[in-house]
Every structure is written in structure tokens, then in C-alpha cells.
Amino acid sequence: MNKQELISQVAETSGLGKGDASKAVEAVFDAISASLKKGDEVRLVGFGTFSVSKRKASTGRNPRTGEEMTIKASNQPKFKAGKGLKDSVN
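Written out as C-alpha cells, the structure is:
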């Protein structure tokens, strides 16, 4: 399922128009992104938890030249599925 299919599904399920469903889906994505950017965790009980993981700087190799290079420290988004989501898939 891609984003447009998700919007269509939300519109169909909720009875909203596609424009309103699009705004709702975008608002959810924006709210999750903003919380993660602040370093907060987003917990959706029964669905899962979005969080930010800090990765340390490391040394890697350029695959083309074999030359060593430094990989900067960064923040990575993580998602851990909740029990309800796991149960619905199995």
C-alpha cells in the first residue's frame, strides 16, 4: 500500500472526502515527525511506538575506492510494533 492508497482507504472507511482524508493523513505524519524531531517518543497503544535512536560516528570504506571515510553521528527513526499489530498480522 502506498500513500495514495492509504488516503483512499481512510476516506472510504471514515466517510471523509479524499481531500479531507489527505489532510488528516498528512497531519498525522507531520505530528509524528515533529515529535520525533524534538526527541520525543510517540506511543500508539495497540499499534506501536515511534522513537529516535542515536547512532555514533563510525569509520567505513568507500566501496568503489576502498578508501576509509568517516560516517557522521546521526539520529535514526525507529518503529517497534505493538502487541495488537503483531497479533493482527499473525
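Following my numbering, the numbering of the sequence shown begins with 6 at its first residue and continues without gaps.
Beta carbons: idealized from backbone N, C-alpha and C, even for Gly.
With contacts defined as CB atoms closer than 8 Å, T54 and A62 fail to qualify as a contacting pair. Taking a C-beta distance under 8 Å as the contact criterion, G87 and V57 do not qualify as a contact pair.
The beta carbons of V15 and A32 sit no closer together than 8 Å. Per the C-alpha coordinates, the member of Q9, V47 and D25 positioned closest to F84 is V47. Secondary-structure assignment with DSSP links T18 through no beta bridge to anything.
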